[in-house]
Ligand SMILES: [Fe+2]
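If you want it as structure tokens, here you go:
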């Protein structure tokens, strides 16, 4: 059997075929490498018959739709997968035959509803359902994710043999592929837990911001073929449960400021205060509105904006969101980066508006 990983970075794409057969399958291709895949097929005289996405991806644009259009191959995903451009839908227990090669489909939802794993020979391609060792698995807090489903899916591994080699869709720290037997020893997702304990374990992971991933999901829902269809930060271990925030960032203590006190600051020393609103763009024009003079940086883009913020380092920075949760993460990122005077608007725009209404009623009386 031919089994090759094709990408130079953390997103893993697999080419599968048989010796003495020009027909091949590609699993989880990434649009940034679309032309490399085509060049490889051409150089090696290979025919792509199927491209498979193990699930709808949130961290990169899939090359599934583009490869289908360019080569005429089938685009395979689970029957629950959102993209309309999928041409062949599979479900749990299906066995796909490619000449003498068999791919057995396991429906393994949790990270997403449409997640599938594939058994081919002694290999188990797990997508983001299971990563290697301490990487655990893909996060379950994105749209379609469900920790209880993930727990059920992990139980499907119980009867599979120890010697299966695990090949995930991501590997951020150059861990080498390893057996399911080793994962049973070293992967925190595979520790014996009740469903309730598993859900609590995931809740306690305190994953970092992922707002940008929603835009990537939307692009993949729409079968995007443009690498620029959604903004994607560079070198972010976004799918890994332990890698979404720098170590220790979410332990940094932040200072809060009440709406009334912030109003006083703005009235007396406006030029010394920088307001950073870390909500998404659509929220700024929603029912809670926004304050005047804000700098808008969605939380998912804050880390990438730190250099441009250096000129404001001497100011009091107040981070604002809807209720205070995202702003707390934002303040922690700024403090970690060396900004000294950072505050979170306590209760966010909800409190700000309540305080404004109170002020208005007081004036009217
Ligand atoms: Fe994923």
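Numbering (the working numbering), first residue to last: 1 to 365.
Ideal Cβ placement from N, Cα and C applies to all residues, glycine included.
(request) Look at residue 278 and residue 223 and say whether their C-beta atoms are less than 8 Å apart. (result) No, Cβ-Cβ distance for residue 278 and residue 223 is not below 8 Å.
(request) Could you pull out every unbroken alpha helix (DSSP H) segment of at least 4 residues lying fully inside the region 324-357, listed in chain order? (result) As far as the region 324-357 is concerned, its whole alpha helix (DSSP H) runs of at least 4 residues are 325-336.
(message) Give the residues whose C-beta lies closer than 7 Å to at least one heavy atom of ligand 1, in chain order.
(response) Qualifying residues come out as 55, 57, 58, 59, 111, 112, 127, 128, 138, 169, 239.
(message) residue 144 and residue 28 - do their beta-carbons sit closer together than 8 Å?
(response) Result no, Cβ atoms of residue 28 and residue 144 do not sit closer than 8 Å.
(message) Based on DSSP bridge pairs, tell me the residues matched to residue 11.
(response) Beta-bridge pairing links residue 11 to 170.
(message) Less than 6 Å between C-beta atoms, sequence neighbours within five positions excluded: which residues of the same chain meet that for residue 347?
(response) If you ignore the 5 residues before and after residue 347, its C-beta comes within less than 6 Å of the C-beta of 324, all in its own chain and listed in chain order.
(request) Express the C-alpha separation of residue 328 and residue 275 in angstroms, rounding to a whole number. (result) Answer to the nearest angstrom: the Cα atoms are 14 Å apart.
(request) Could you tell me the distance, in whole angstroms, from the CA atom of residue 147 to the CA atom of residue 280? (result) Straight-line Cα distance between these residues: approximately 25 Å.
(request) Let me know the secondary structure DSSP gives residue 180 once reduced to three states. (result) Residue 180: helix per DSSP, three-state reduction.
(message) Does the contact criterion of 3 or more C-beta pairs under 8 Å hold for the region 257-275 versus the region 286-297?
(response) A contact between stretches requires three or more CB pairs, one per stretch, nearer than 8 Å, and the region 257-275 meets this requirement with the region 286-297.
(request) Check whether the region 49-57 touches the region 155-164, counting contact only when three or more Cβ pairs, one atom from each stretch, lie closer than 8 Å. (result) Contact check between the region 49-57 and the region 155-164: fewer than three CB pairs, one atom from each, fall below 8 Å, which does not count as touching.
(message) Quick check: what's the CA-CA separation for residue 184 versus residue 62?
(response) Cα to Cα, residue 184 sits roughly 30 Å from residue 62.
(request) Take residue 81 as the anchor and find which of 56, 189, 23 has the nearest alpha-carbon. (result) Its Cα nearest to that of residue 81, the residue 56 stands out among 56, 189, 23.
(request) Can you grab the Cα-Cα spacing for the pair residue 41 / residue 180, in whole Å? (result) Distance between the alpha carbons of residue 41 and residue 180: 31 Å.
(request) Give a yes or no on whether the C-beta atoms belonging to residue 189 and residue 154 are separated by under 8 Å. (result) The Cβ-Cβ distance between residue 189 and residue 154 falls below 8 Å.
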